[in-house]
Amino acid sequence: MKAPSRLIAVALTMFLAAGCITTYSEEVDKEEPGKYEKAAGFLAEEINTRIYNLQYQADVELYQNMRRLAYIGEPAIPFLLEALNHESPRTRGSVAFIFGLIKDRRTIPDLVKHLDDKVPVVRYEIATTVCVMGSNEG
417 MKAPSRLIAV ALTMFLAAGC ITTYSEEVDK EEPGKYEKAA GFLAEEINTR
467 IYNLQYQADV ELYQNMRRLA YIGEPAIPFL LEALNHESPR TRGSVAFIFG
517 LIKDRRTIPD LVKHLDDKVP VVRYEIATTV CVMGSNEG
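Heads up: the sequence shown begins at 417 in the numbering used here, then just goes up one per residue.
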């Protein structure tokens with residue numbers, strides 16, 4: 417009796433997982449770069465504070481902050497693009513990592529512009545992010 421119920425559970429899991437799978441679409445590349453939904457109000461305040469704090473954080477605190485910014489997603493992108501010009505290499509490198517978590521291919525041209533950063537670790541993070549997003553420009 418256990419075998420059929422286990423088989424049903426596996427089949428149900430596979431069915432539900434199939435609905436979560438996304439595939440690459442050429443439509444993503446056709447969207448205009450630079451057209452992002454920008455956060456306002458309290459969310460914009462949170463994004464700015466989190467970006468500011470990147471330069472002072474390390475380890476788990478830094479990683480949790482980066483994950484939160486990535487979770488915010490598209491509304492954070494305009495703020496993150498501005499942060500690629502931040503004076504702190506830690507902030508610039510962290511922002512590149514966050515873009516890798518967000519995986520919005522529209523940001524690739526903006527990231528490629530920063531591949532000439534004066535800090536090698538920042539260049540590495542940007543190049544890695546561009547490659548993770550499926551571009552060979554990095």
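All residues carry an ideal CB built from backbone N, CA and C; glycine is no exception.
A straight-line Cα-Cα distance of about 15 Å links Asp-475 and Ile-514. When secondary structure is reduced to three states using DSSP, Asp-520 falls in the coil class, being assigned neither helix nor strand. Looking at Glu-498, Asp-533, Val-535, Asp-520, the one whose alpha-carbon comes closest to that of Cys-547 is Asp-520. At the C-beta level, Ala-456 and Phe-495 stay beyond 9 Å of one another.
Exclusion of the five residues before and after Asn-481 leaves Arg-466, Asn-469, Leu-470, Gln-473 as the residues of its chain whose Cβ lies within less than 7 Å of its Cβ.
Cα atoms of Glu-503 and Ser-510: separation of roughly 13 Å, rounded to the nearest angstrom. Between Glu-490 and Ile-518, the C-beta spacing is below 9 Å. CA-to-CA, the gap between Ser-551 and Val-537 works out to about 19 Å.
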